[in-house]
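Before any comments, here is the structure.
2 protein chains.
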Amino acid sequence: MAEPHHLVVVGGGFGGLQLVKDLEGAPVRITLVDRRNHHLFQPLLYQVATTILATSEIAWPIRRLFRDRADVTTLLSEVTGVDPAAKTVLLSGGGAVSYDTLVLATGATHAYFGHDEWEAVAPGLKTLEDATTIRRRMLTAFERAELEEDAARREALLTFVIVGAGPTGVELAGIIAEIAHQILPGEFRRIDTRKARVVLIEAGSRILAGFSEDLSAYAERALKALGVEVLTETRVTDCDREGVTIGEGAIASRTIVWAAGVQASPAAQWLGIPADRAGRAIVQADLTAPGLPDVFVIGDTASVAQENGKLVPGVAPAAKQQGAFVARVIRARLEGGEAPAGFRYRNQGNLATIGRRSAIVDFGRIRLKGTLAWWIWGLAHIYFLIGTRSRFAVAWSWLWTYLSGQHSARLITQGEAQNPPR
Amino acid sequence: MAEPHHLVVVGGGFGGLQLVKDLEGAPVRITLVDRRNHHLFQPLLYQVATTILATSEIAWPIRRLFRDRADVTTLLSEVTGVDPAAKTVLLSGGGAVSYDTLVLATGATHAYFGHDEWEAVAPGLKTLEDATTIRRRMLTAFERAELEEDAARREALLTFVIVGAGPTGVELAGIIAEIAHQILPGEFRRIDTRKARVVLIEAGSRILAGFSEDLSAYAERALKALGVEVLTETRVTDCDREGVTIGEGAIASRTIVWAAGVQASPAAQWLGIPADRAGRAIVQADLTAPGLPDVFVIGDTASVAQENGKLVPGVAPAAKQQGAFVARVIRARLEGGEAPAGFRYRNQGNLATIGRRSAIVDFGRIRLKGTLAWWIWGLAHIYFLIGTRSRFAVAWSWLWTYLSGQHSARLITQGEAQNPPR
């Protein structure tokens, strides 16, 4: 008997997972490689950073998800390159895995526009470690402020800057403002956390540029009502331990979070194919790499045009749709039948929360804001979580936060806190 | 009006917390200093290390606990010494806090009997970071074994050694064996996790020396039924990256956990008073330091004799009883009334779990084992957790694990996993 067709999937994010799911029963042996042991529900990562959810509520061991799929082998390893001529994926440590078909779904990380040195002072939010780093820095800043004798230093400790006003930046700013202004007052004896500043900086002309103008304006008003200072058309020209520089001015801050740009994984480099400015591999309409019909690139690391000329956005639904599309192509190739035409992105709507009880929802024709939108947002996210246990746990955490106004994951871990306040 | 009496409490563990609670309404201003922002429910820490519970389910921000106590100021800072002559506590970073009365409740850490270099390869279990380190190493070992081509290295990756068979060692061994033999099989394609070895090494003649001999024998049988190899009267003479050396023999292992000894905090050194062999400050019957009537030492860092001549054990109930005792002494001093005589320890019983559904309970006259003991153990621990939210969350996690046989916190975080397998 011939060995079955071997598909290697690199990356267990939304795209990779959907692909593997949809290939159940197909005549193919699958190897799924990820450098993490878990699939991460990134749309809720900001809630881990802001002490609402625990890490284990939004992440699941990949190998557990495919426990009952004997056709799937999961490998925890980092891919360092691809040899398309030898049809081989190279693993760090010197190993290699050969493939018949390869799907790269390796995602993106944050980009500092040529200023990678900013990362140390202004972490982005892509991994569980990023989330706990931001949580630790934010909580530690309040603790250090309580001990600080110098007024200027205290003020810098109580100033939180978020760079970039996409959904992640807006969601972080809203919750940090709530923590400072509504949750922490009363717990400190020397500082008044209600005086903490939360500053959201956006280079563009409005926040949440992906939403309609009226929803974006509503979100800005809602953020301001929570006490967030919103600075649009403002470009950060420097970041360091003292704070951020914006043109002529400066904001002294000890806690900066970067939510401004993304940089694709090096999939295009590995394959030696052209990439766009953000490093995304420019793929064909069927999501294959140009000249490499057995190699697909999907999700945040692929650059694909929509019919309206815009790029398919780097969001979870787009990655899932691409995973499902490639599964159909692979099935058609192996089982016969008609392969689908080029990939077409269906916009399933944009959602973002502003603080604990408000959200905006943009379905194109239908637009909602406020409490109702928050409930739709919440139900949608619980629906998309994996497994009964997580749905219960997250629903319980949210209900608790909603009713008690308390966050449950306010822990400083990983040692920085042991470096005592200056 | 005179400044109220200033009490400084160092350490927000079981003893320090009980003390502060019991002083509610007393004519005293309290400053509680801890180098962590959270109180940790250490008796369940092994469940975080073994992927059953999330970190936030067993830890609570100290300042949140005393939010409504205007008389309590919480400081996140590390104490580096005490100046008893100046009645001052020294903080790292150069700060200082003066006191009228001082209580040191600074706990203990693990001891390597003069081999501190073993810590890097054989972490102990005292902090949340320790727990996530052990969790990461254990999960990563299985992942690396799945990728390993060499049989001997694969075997070393699938061998887990726990040194020390007190309650923590026994509880870790039981759950690690269950994970390897009952939870993970079916998720890996190249290794058979049922063949993983879990070895529990104890220098003494029996495991769980704090329990009666029949319960200790029962626990050993129960562990063996779970597939744990129990080696008593076996002394570890060396630990390194390859494994442990036991006398003439050696066990190749990539995952070693240290549950063998404790070393008290340097409270005795700070005060310049005698300490016992484990570094515990030898205190008077009323828990004051000899020659320093305004300084108390309580909990795991104090050495106090019971009436039977044995030392009060380093367990949570003892620390709580000492906190409550010192609160009564301080009240008597400030409010008048009779100060209690010397501290007397009431043994409230010993509990330990063996795996997921069995436990032993030793109340002196009443001894229980098996499933009923497990339920008593579970209810007791849920009762002692802090807050409705945690009780629900932990009860839900346990119920889920009990019914589904699945653990919810199987995450590899903090980067070691990014160093790919060799």
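Protein chains in written order, with the numbering used here: chain C, 247 to 668; chain B, 247 to 668. Ideal placement from N, C-alpha and C gives every residue a C-beta, glycine not left out. Quick caveat, the model's predicted, so the values are computed rather than measured.
Item: Whole-angstrom distance between Ile519 (chain B) and Glu433 (chain C), CA atom to CA atom; Value: 36 Å
Item: Within chain C, the residues that Glu433 (chain B) reaches when beta carbons sit closer than 9 Å; Value: Pro307, Arg309, Arg310, Phe312, Arg313 and Thr320
Item: Continuous beta strand (DSSP E) stretch holding Val407 (chain C): start and end; Value: Thr405 to Val409
Item: Residues in the segment 358-371 of chain B having any Cβ partner in chain C nearer than 8 Å; Value: none
Item: Residue nearest to Ala354 (chain C) in terms of C-alpha spacing, selected from C:Lys267, C:Phe571 and C:Asp546; Value: C:Asp546
Item: CB contact check: Glu270 (chain C) to chain B, cutoff 8 Å; Value: no
Item: Best match in C:Thr334, C:Leu336, C:Thr491 and C:Ala465 for proximity to Arg603 (chain C) [C-alpha to C-alpha]; Value: C:Ala465
Item: Under 8 Å between C-beta atoms of Val572 (chain B) and Ala585 (chain B); Value: no
Item: Buried versus exposed, by CB contacts within 10 Å (16 or more), Ser636 (chain B); Value: buried
Item: Cut-off 6 Å between Cβ atoms - residues of its own chain near Gly525 (chain B), not counting five sequence neighbours on either side; Value: Gln509 and Ala510
Item: Sequence-distant residues of its chain with Cβ nearer than 6 Å to Gly339 (chain C) (five each side left out); Value: none
Item: Span separating the alpha-carbon of Arg381 (chain C) from that of Ala366 (chain B); Value: 27 Å
Item: Contact set between Trp516 (chain C) and chain B, taken where Cβ atoms lie within less than 7 Å; Value: Under the 7 Å cutoff, chain B gives no residues; its nearest Cβ is about 16 Å from Trp516 (chain C).
Item: CA nearest to the CA of Ala505 (chain C), picked from C:His356, C:Asp484, C:Leu322 and C:Ala639; Value: C:His356
Item: Short CB-CB distance (under 8 Å) between Ile658 (chain B) and chain C; Value: yes
Item: Whether Phe406 (chain B) touches Thr301 (chain B) by CB criterion (8 Å); Value: no
Item: Contact with chain B by Asn554 (chain C), beta-carbon distance below 8 Å; Value: no
Item: Cβ contact (3+ pairs, closer than 8 Å) linking the segment 308-327 of chain B and the segment 265-279 of chain B; Value: yes
Item: Proximity test, Cβ basis, 8 Å: Ser344 (chain C) and chain B; Value: no
Item: C-alpha distance - His361 (chain B) paired with Val482 (chain B), whole-angstrom precision; Value: 11 Å
Item: Any C-beta of chain C under 8 Å from that of Phe630 (chain B); Value: no
Item: Ala411 (chain B) versus Glu424 (chain C) - alpha carbon distance; Value: 47 Å
Item: Helix, strand or coil at Gly616 (chain B) according to DSSP, with G and I counted as helix; Value: strand
Item: 9 Å Cβ cut-off: residues of chain B touching Thr301 (chain C); Value: Ala300, Thr301, Ser302, Ala655, Leu657 and Thr659
Item: Cross-chain neighbours of Phe638 (chain C) in chain B, by beta carbon under 9 Å; Value: Trp642 and Trp646
Item: Alpha-carbon to alpha-carbon, Arg590 (chain B) and Glu553 (chain B); Value: 8 Å
Item: Run of the alpha helix (DSSP H) containing Pro250 (chain C), from where it starts to where it stops; Value: Unbroken run through Pro250 (chain C): none, as it is neither H nor E.
Item: Presumed contact (8 Å Cβ cut-off) between Asp484 (chain B) and Thr491 (chain B), rounded CB distance; Value: 4 Å
Item: Cross-chain neighbours of Leu374 (chain B) in chain C, by beta carbon under 8 Å; Value: Leu657 and Thr659
Item: is_contact[Arg383 (chain C), chain B] using C-beta, thresh 8 Å; Value: no
Item: Per DSSP, the bridge partner or partners of Ser604 (chain B); Value: B:Ile600
Item: CA nearest to the CA of Gly595 (chain B), picked from B:Gly601, B:Tyr345, B:Asp608 and B:Trp623; Value: B:Asp608
Item: Per-residue DSSP class, three states only, for Phe542 (chain B); Value: strand
Item: Residue range of the unbroken alpha helix (DSSP H) whose run includes Thr636 (chain B); Value: Rather than Thr, the amino acid found at residue 636 (chain B) in this sequence is Ser. Start and end: Thr634 to Ser650.
Item: Members of the segment 283-294 of chain B that neighbour chain C once the beta carbon cut-off is set at 8 Å; Value: Asn283 and His284
Item: Contact with chain B by Gly258 (chain C), beta-carbon distance below 8 Å; Value: no
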